[in-house]
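Q: Right, I'll just put the structure down here and ask away after.
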Amino acid sequence: MLLRIMTNDFCIPDFESFASEIQTVFNLCKENTSGQVASYIPELKEVNPNYWGLSLCTVDGQR
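Going left to right, the sequence shown walks through residues 139 to 201 as the working numbering numbers them.
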């Protein structure tokens with residue numbers, strides 16, 4: 139892993155650009171308020187429908 143770090147041999151070499159693109163997609167998607175909160179799981183039906191999140195980690199551990 140250290141060799142991959144030192145040689146920038148990651149699955150996404152330009153992670154900063156990738157993260158910027160993901161941020162753009164995130165912002166576009168958060169405007170979509172169609173649909174309904176899932177009610178088939180009791181805990182989910184109590185969740186605020188305005189909550190929106192995204193988490194991403196590559197197989198190389200980039201985040």
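Beta carbons are placed, not taken as given, at the ideal position from N, Cα and C, and that holds for glycine.
When the Cα of serine 172 is compared with those of Pro187, Ile150, Val197 and Cys195, which residue comes out closest?
A: Pro187
Q: Just verifying my parser: in three-state terms, what is the DSSP assignment at tryptophan 181?
A: Note that residue 181 corresponds to glutamate in the displayed sequence, not to tryptophan. Here glutamate 181 sits in helix by DSSP.
Q: So alanine 168 and serine 177 are supposed to be a Cβ contact under 8 Å. How far apart are they, rounded?
A: The question names alanine, but residue 168 is lysine in the sequence shown. With a Cβ gap of about 21 Å, lysine 168 and serine 177 do not count as contacting.
Q: Going along the chain, which residues of its own chain have a beta-carbon closer than 6 Å to the beta-carbon of leucine 194, five neighbours each way excluded?
A: none
Q: CA-CA distance, valine 197 and isoleucine 160?
A: 16 Å
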